[in-house]
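The sequence shown begins at 21 in our numbering and counts up by one.
The beta-carbon is built from N, C-alpha and C at its ideal position, and this holds for glycine as well.
Just below is one structure, and these are the notes that go with it.
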Amino acid sequence: SAVCSLDQILAGDAIESIIQSNCVPEGVRVEVPARQILEIHESHGLSRIAVFLVVYCSESYPVTREMADQWREMVECEVSKYVPLRENRRGRTVSRPFPYPALHPEIKYHTTGER
């Protein structure tokens, strides 16, 4: 398992592909409609981190928060094989489910790197 650079992750659909291929069942489509690099100040200095909005879209049955949270757990395990994850962000529950059309179009079709 190779570690991907932030630029490789943001330039392509690596995260989306990893999740779709390894973490969700048939009939669930994964989208990563927003990606961004943030610079944060930590005790050792400035760090760059990538932040992703991951959306699970069921094409055949309703997605519950419990289902999405199980997938999130698998995603953290699988993605950590390729990209270092911040330990203080792992294990947080997913947000509440909402109808995909409610996802704001500005987010739905916006992928970004540094601003």
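Check	Outcome
Hey, W91 and V52: beta-carbon distance below 7 Å or not?	no
Tell me the DSSP secondary structure of E51 in three-state form.	strand
Quick one: residues in its chain with C-beta nearer than 6 Å to the C-beta of I39, no 5 flanking neighbours on either side, listed in chain order?	V50, V95
May I have the straight-line CA-CA distance separating C97 from I29, to the nearest angstrom?	17 Å
Check whether the Cβ atoms of S78 and V48 sit closer than 7 Å, and answer yes or no.	yes
Please classify R110: is it buried, with 16 or more other beta-carbons within 10 angstroms of its beta-carbon, or exposed?	exposed
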